[in-house]
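In numbering that gives the first Met the number 0, the protein residues as written are 0 to 249.
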Amino acid sequence: MSLVNWIKRLATDVRELLFPRQCLVCGDTLGVHEQVVCVHCLMQLPYTNYHGQAENPVVRLFYPNISVVKVNAYMFYNQGSDACNVVLGLKYHGRREVGQVMGRMMAIDVLEQGFFEGVEAIVPVPLAKQRQHRRGYNQSELLARGVAEVTGLPVWTDVVERVVDNRTQTHLSRAERRENVEGIFRLCCPDVIAGKHLLLVDDVVTTGATLASCMETLALAGGVTFSVLCLAVAASTADTPDELPLDLDV
Ligand SMILES: [Zn+2]
Numbered sequence: 000m001s002l003v004n005w006i007k008r009l010a011t012d013v014r015e016l017l018f019p020r021q022c023l024v025c026g027d028t029l030g031v032h033e034q035v036v037c038v039h040c041l042m043q044l045p046y047t048n049y050h051g052q053a054e055n056p057v058v059r060l061f062y063p064n065i066s067v068v069k070v071n072a073y074m075f076y077n078q079g080s081d082a083c084n085v086v087l088g089l090k091y092h093g094r095r096e097v098g099q100v101m102g103r104m105m106a107i108d109v110l111e112q113g114f115f116e117g118v119e120a121i122v123p124v125p126l127a128k129q130r131q132h133r134r135g136y137n138q139s140e141l142l143a144r145g146v147a148e149v150t151g152l153p154v155w156t157d158v159v160e161r162v163v164d165n166r167t168q169t170h171l172s173r174a175e176r177r178e179n180v181e182g183i184f185r186l187c188c189p190d191v192i193a194g195k196h197l198l199l200v201d202d203v204v205t206t207g208a209t210l211a212s213c214m215e216t217l218a219l220a221g222g223v224t225f226s227v228l229c230l231a232v233a234a235s236t237a238d239t240p241d242e243l244p245l246d247l248d249v
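Structure (structure tokens):
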């Protein structure tokens with residue numbers, strides 16, 4: 000082992016000793032080679048196992064209004080379950096490393112299925128500027144960076160912006176949610192995306208209303224096709240798509 004590697008290893012060991020990282024799901028201390036979730040919990044995450052198959056409950060959220068090429072959600076979001084902490088850590092608790100780690104995993108999950116064939120760029124669903132400033136990052140962009148690591152696709156963060164911070168969808172009916180997201184996005188670079196196949200990346204999909212609104216805005220450029228990859232789908236959405244989904248902030 001070279002001296003530099005030896006010093007790096009020592010630094011890692013010291014950091015682990017002083018600030019042990021914990022599994023987001025069970026709270027146990029993570030091993031040096033474990034990231035975000037321990038191996039034991041990783042084996043038990045509520046995976047959808049859709050693997051990008053053509054008929055899955057998330058596809059139905061967009062059909063028939065929006066034509067999508069491929070759609071996938073990697074895991075279920077069961078409100079109140081320990082596995083939710085993966086999503087909550089990324090969204091609300093500043094655990095930005097979750098984004099890249101889970102982004103890589105959700106890309107590897109569908110890579111063999113040819114999910115990314117034809118896709119030309121990744122577009123993370125944007126946050127409103129103030130919200131991103133408060134949080135310090137856009138969780139969907141971090142996921143997108145993980146997907147990009149696996150696929151080598153570029154990440155485009157400046158082709159669409161969120162001009163309205165529709166803070167919460169809670170207590171809104173399905174129809175009201177659709178109205179609530181109308182006009183919240185603005186197309187920035189129509190020339191860049193015209194005729195392109197874009198992969199939208201989002202953290203949790205519930206009604207799909209926000210994603211649909213984002214795609215409708217991007218479609219204004221003309222000739223754009225879409226695929227969608229999400230970290231999680233609300234379990235209630237997957238089971239009973241017509242019921243009102245869970246309460247999750249942007
Ligand atoms: Zn664990």
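Backbone N, C-alpha and C fix where the C-beta goes; we use that ideal spot for every residue, glycine too.
Under the DSSP definition of a beta bridge, H196 partners with T224. For H39, the Cβ falls inside the 7 Å cut-off from some heavy atom of ligand 1. The C-beta distance from M104 to V85 rounds to 10 Å, too long to meet the 8 Å contact threshold. The secondary-structure analysis by DSSP pairs I121 across a beta bridge with V154 and L198. Proximity of the beta carbon of V100 to ligand 1 is not indicated: no heavy atom of the ligand is located closer than 7 Å. Taken in chain order, the complete beta strand (DSSP E) segments of 3 residues or longer contained in the stretch 39–80 are 67–76. Put simply, of V31, L16, F18 and V35 the residue whose alpha carbon is nearest the alpha carbon of C25 is V35. Taking a C-beta distance under 8 Å as the contact criterion, A120 and V146 do not qualify as a contact pair.
Less than 8 Å divides the Cβ of M74 from the Cβ of P45. Taking 8 Å as the upper bound for CB-CB distance, L210 and V124 are in contact here, some 6 Å apart.
Rounded to the nearest whole angstrom, the C-alpha separation of Y136 and V97 is 12 Å.
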